[in-house]
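Beneath this line is the structure, given in structure tokens, with notes to follow.
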Amino acid sequence: MSIKIYIRHIPVLINKHKVFFLIFCLTSVLFIGFLYRDPLSDWDECIYAEYAKEMKLTGNFWTYTWNGNPILEKPPLYGWLMQIPYLWGINEFTSRISSVIFSLGILTLIYFFASKYMSRKIALMAVLIYLASPTNLNYAVKVNTDIGFTFWLNLYAFLIIFSGRRLLTLSVAAFSLTLATLHKGLSSLFFLSVMPVIDIYQRKKQVSSNFLLLFVIVFSLIIPWHIYQFLIWKNGFSNTYLTEHLFIRFFNNIFLHKNLFYYPVVLARDFFPWWMILVIFCYQYFRKEIKLSQFYEKYFPNVFLMTAIPGLFFMAARTQVKWYLMPLYPLISILLAVILNRYFLKMNLKLQTVIKILLISNVIYSFLLIIQPFRFKKNVSPSTESFRYINNLPQKSFNYLVESNYRQIYNKPPVRTIPAQFIYGEKPCSVFYSGKKVNLFYHPDEFAAALETKSGLYLFSKSDKSLLGKITLKYIFQNEDYGLILR
Numbered sequence: 001m002s003i004k005i006y007i008r009h010i011p012v013l014i015n016k017h018k019v020f021f022l023i024f025c026l027t028s029v030l031f032i033g034f035l036y037r038d039p040l041s042d043w044d045e046c047i048y049a050e051y052a053k054e055m056k057l058t059g060n061f062w063t064y065t066w067n068g069n070p071i072l073e074k075p076p077l078y079g080w081l082m083q084i085p086y087l088w089g090i091n092e093f094t095s096r097i098s099s100v101i102f103s104l105g106i107l108t109l110i111y112f113f114a115s116k117y118m119s120r121k122i123a124l125m126a127v128l129i130y131l132a133s134p135t136n137l138n139y140a141v142k143v144n145t146d147i148g149f150t151f152w153l154n155l156y157a158f159l160i161i162f163s164g165r166r167l168l169t170l171s172v173a174a175f176s177l178t179l180a181t182l183h184k185g186l187s188s189l190f191f192l193s194v195m196p197v198i199d200i201y202q203r204k205k206q207v208s209s210n211f212l213l214l215f216v217i218v219f220s221l222i223i224p225w226h227i228y229q230f231l232i233w234k235n236g237f238s239n240t241y242l243t244e245h246l247f248i249r250f251f252n253n254i255f256l257h258k259n260l261f262y263y264p265v266v267l268a269r270d271f272f273p274w275w276m277i278l279v280i281f282c283y284q285y286f287r288k289e290i291k292l293s294q295f296y297e298k299y300f301p302n303v304f305l306m307t308a309i310p311g312l313f314f315m316a317a318r319t320q321v322k323w324y325l326m327p328l329y330p331l332i333s334i335l336l337a338v339i340l341n342r343y344f345l346k347m348n349l350k351l352q353t354v355i356k357i358l359l360i361s362n363v364i365y366s367f368l369l370i371i372q373p374f375r376f377k378k379n380v381s382p383s384t385e386s387f388r389y390i391n392n393l394p395q396k397s398f399n400y401l402v403e404s405n406y407r408q409i410y411n412k413p414p415v416r417t418i419p420a421q422f423i424y425g426e427k428p429c430s431v432f433y434s435g436k437k438v439n440l441f442y443h444p445d446e447f448a449a450a451l452e453t454k455s456g457l458y459l460f461s462k463s464d465k466s467l468l469g470k471i472t473l474k475y476i477f478q479n480e481d482y483g484l485i486l487r
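To convert, note that position 390 of the sequence shown is 390 in full-length UniProt numbering; the numbers rise steadily by one, no gaps.
This is the structure:
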């Protein structure tokens, strides 16, 4: 009987939130239409799709492997979830669909939490601001752990910000934070530190007990997998998972140098032009034209704290890449929507219409720029074409000479490096598309020596042909960039 009541309420819910559901449906169609179009391309797509693929093929559900090598950097939740779409085959669509589902889940979280606790107008503006971000759109349709990580963290964050401190709320929040940790790693715990700050700000008496309960639940749920990994891999796990992946990345830059203003520039680009209202707001605040007590809505300070405190941790880290900031984007979108709504209420009807058109145009422009919904032709790179050809050959492995730019980084690193950076070569899709074990060579002389003395498949960039000496090269496959030899 209760199920019938819920079903009866669905049309009412859709009618009440019809604008959001229209945005949701249009976004779904555009995202899903992209998934089959292009082969996997960037670093993360090729790595994480292969993690899940090898998990399915080997039956090892506790430790990722890539090219047959154990990978100790990441917990396995993302690979577990990927097994569901992989039931229908392993391809670009099934590899990417998880990201789309999580992206749509983030939109739903933003809208319904902001709508319930603030207003529908703020919720819709926050959704549009979030959708207009190029980084969000780019990763929404690619294989990566960051979109799912963002979903779990923001479910936790919104529960802590909006829903009080009931036992059920704390338990669900703790479970969400646990899933975030098992999805990507211990960096999720930066968000755990915000809860006592929010409670202190709100002068709650239960600060210690609330935080302690949350900490105990999260710790008890994440510790079994970590203990298991340590028992199996000993110091290899702690060195890779903690030292290399967390501490070295935090205290050392493992990529090319980024200046102090890298993250502010990324945020300014992703939230253009809406970050300008934040500048206006700050200007008016310091000129005492705005009193915070009159402006802030009930939950605004909590959203601000949940954004600012983890943001300071990210800013303090020496290794900075734009997708590390993605868990903050839903929160930033709500912050900007609340501030924009304040000015919106003081505008005349014509100016309000201009802002609405600008919001929608901003989203459309970003979709055209990133998703390119009217491009139907697949972009197949020469490397992917080579790997697909190798997939049809009977050999179980092939030898690959890593391209010169990555060999230089390997031999003379410009910054602090960690071993995991060189497990994959510069073309991680070599394993996913070839379906074979890849023997990577970082030294042309070693590759040339193997080519002269050992039988097998040898793939290399034609730009490196002169480094192979006077060996007679008879290609069984070649394109404009690569040559493949069978010895």
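Idealized CB from N, CA, C, for every residue including glycine.
Touch check for the segment 96-115 and the segment 139-158: three-plus C-beta pairs under 8 Å?
Here the segment 96-115 makes contact with the segment 139-158; the two share three or more CB pairs at distances below 8 Å.
Run through the UniProt domain "Glycosyltransferase RgtA/B/C/D-like" (74-228) for me and flag every whole beta strand (DSSP E) of 3 or more residues, listed as ranges in chain order.
Runs found: none.
How many angstroms separate the CA atom of T181 from the CA atom of S463?
The sequence position of residue 181 within the sequence shown is 181, counting from 1. The sequence position of residue 463 within the sequence shown is 463, counting from 1. Between T181 and S463, the C-alpha separation is close to 43 Å.
In or out: N15 buried (at least 16 other Cβ within 10 Å) or exposed?
Numbered from 1 along the sequence shown, position 15 holds the residue referred to as residue 15. Label assigned to N15: exposed.
Does the distance from the C-beta atom of F250 to that of A308 stay below 8 Å?
The residue given as residue 250 occupies position 250 in the sequence shown. The residue given as residue 308 occupies position 308 in the sequence shown. No, the Cβ-Cβ distance between F250 and A308 is not below 8 Å.
Using 10 angstroms around the beta-carbon of G79, count the other beta-carbons present and answer buried if the total reaches 16, otherwise exposed.
Numbered from 1 along the sequence shown, position 79 holds the residue referred to as residue 79. Its Cβ being crowded by 16 or more others within 10 Å, G79 is buried.
Proximity to residue 488 [Cα-Cα], best of F447, N341, L331 and K356:
The chain is shown only over 1 to 487; residue 488 falls outside these bounds and no answer can be derived.
Close Cβ partners of N411 (< 6 Å) along its chain, the five nearest in sequence each way excluded
If you number the sequence shown from 1, residue 411 lands on position 411. Counting only Cβ-Cβ distances below 6 Å, and skipping sequence neighbours, we find nothing.
Whole-Å CB distance - L35 paired with V100, under 8 Å assumed
The residue labelled residue 35 in the question sits at position 35 within the sequence shown. The residue labelled residue 100 in the question sits at position 100 within the sequence shown. Sure, about 7 Å apart at Cβ, within 8 Å.
What residue range does the beta strand (DSSP E) around S430 cover?
Position 430 of the sequence shown, counted from the start, is the residue given in the question as residue 430. Under the DSSP assignment, S430 falls outside any beta strand (DSSP E), being part of the alpha helix (DSSP H) whose first and last residues are C429 to S434.
Assign Q352 to one of three DSSP states: helix, strand, or coil.
The residue labelled residue 352 in the question sits at position 352 within the sequence shown. It is helical.
Can you name the residues that DSSP bridges to N439?
As a position in the sequence shown, residue 439 is number 439, starting the count at 1. Answer is N399.
Taking only three categories from DSSP, how would you classify G469?
Here residue 469 refers to the residue found at position 469 of the sequence shown. G469: coil per DSSP, three-state reduction.
Distance CB(T150)-CB(K322) smaller than 8 Å
Translated into positions along the sequence shown, residue 150 becomes position 150. Translated into positions along the sequence shown, residue 322 becomes position 322. Not closer than 8 Å, so no.
Assign I364 to one of two classes, buried (16 or more other C-beta atoms within 10 Å of its C-beta) or exposed (fewer than that).
Mapped onto the sequence shown, residue 364 falls at position 364. Around the CB of I364, fewer than 16 other CB atoms lie within 10 Å, so the residue is classed as exposed.
Nearest-angstrom Cα separation, counted from G435 out to I248
As a working mapping, residue 248 is identified with position 248 in the sequence shown. As a working mapping, residue 435 is identified with position 435 in the sequence shown. Spanning the alpha carbons of I248 and G435 requires a straight line of approximately 32 Å.
Cβ atoms of P428 and E54: under 8 Å apart, would you say?
Against the sequence shown, residue 54 aligns to sequence position 54. Against the sequence shown, residue 428 aligns to sequence position 428. Against a cut-off of 8 Å, the Cβ pair of P428 and E54 comes out as no contact.
Quick check: the Cα distance between S115 and L335, rounded to an integer number of angstroms?
Taking the sequence shown and counting its residues from 1, the one referred to as residue 115 is at position 115. Taking the sequence shown and counting its residues from 1, the one referred to as residue 335 is at position 335. Cα to Cα, S115 sits roughly 13 Å from L335.
Under 8 Å, do L112 and L153 count as touching if we go by C-beta distance?
As a position in the sequence shown, residue 112 is number 112, starting the count at 1. As a position in the sequence shown, residue 153 is number 153, starting the count at 1. Going by the sequence as given, residue 112 is Phe instead of Leu. Not in contact: F112 and L153 (Cβ atoms no closer than 8 Å).
Assess contact between the segment 393-413 and the segment 444-459, defined as three or more Cβ pairs (one per stretch) separated by less than 8 Å. Is contact present?
Output reads yes: the segment 444-459 touches the segment 393-413.
Sort I129, G59 and P85 by Cα distance to K356 and report the nearest one.
Counting from 1 along the sequence shown, the entry for residue 356 is found at position 356. Closest in C-alpha terms to K356, from the list I129, G59 and P85, comes I129.
Does the contact criterion of 3 or more C-beta pairs under 8 Å hold for the segment 374-390 versus the segment 464-473?
No: the two stretches stay apart, fewer than three of their Cβ pairs being nearer than 8 Å.
Quick check on F251: does DSSP put it in helix, strand or coil?
Counted from its first residue, the sequence shown places residue 251 at position 251. In the displayed model, F251 falls within a helix according to three-state DSSP.
From which residue to which residue does the beta strand (DSSP E) around N69 run?
Counted from its first residue, the sequence shown places residue 69 at position 69. That run of the beta strand (DSSP E) goes N69 to I71.
From the DSSP output, which residues share a beta bridge with Q478?
The count along the sequence shown starts at 1 and reaches residue 478 at position 478. Q478 pairs with G483.
Runs of alpha helix (DSSP H) wholly within the segment 286-366 (minimum 4 residues, chain order)
Taking only runs of at least 4 residues, the alpha helix (DSSP H) segments lying wholly in the segment 286-366 are 292-295, 300-316 and 329-344.
What would DSSP say about T417, mapped onto helix, strand or coil?
Along the sequence shown, one-based indexing puts residue 417 at 417. Correct three-state label for T417: coil.
In chain order, what residues of the same chain lie with their CB nearer than 6 Å to the CB of F93, ignoring the 5 residues before and after it?
On the sequence shown, residue 93 is found 93 positions in, with the first residue counted as 1. L35 and Y36.
Consider the C-beta atom of M347 and the heavy atoms of the ligand NAP; say whether any pair is separated by less than 7 Å.
Absence of the ligand NAP is noted for the structure shown, with no ligands found whatsoever.
For W62, name the three-state secondary structure that DSSP assigns.
Sequence index remark: in the sequence shown, residue 62 carries index 62 (1-based). W62: coil per DSSP, three-state reduction.
Three-way DSSP call (helix, strand, coil) for M1 in this model
Residue 1 sits at position 1 when you count from the first residue of the sequence shown. At M1 the pLDDT is 45, less than 50, meaning the model places this residue with poor confidence and gives no usable figure here.
Through-space distance from S176 to M1, alpha-carbon basis:
By 1-based counting over the sequence shown, the position of residue 1 is 1. By 1-based counting over the sequence shown, the position of residue 176 is 176. Low per-residue confidence applies at M1: pLDDT is 45, beneath 50, and the placement is therefore not dependable, though the value from the model is reported in the following sentence. The straight-line gap from Cα to Cα measures roughly 30 Å.
Element boundaries [beta strand (DSSP E), containing L459]:
One-based indexing of the sequence shown puts residue 459 at position 459. Where L459 is concerned, the enclosing beta strand (DSSP E) stretches over L457 to S461.
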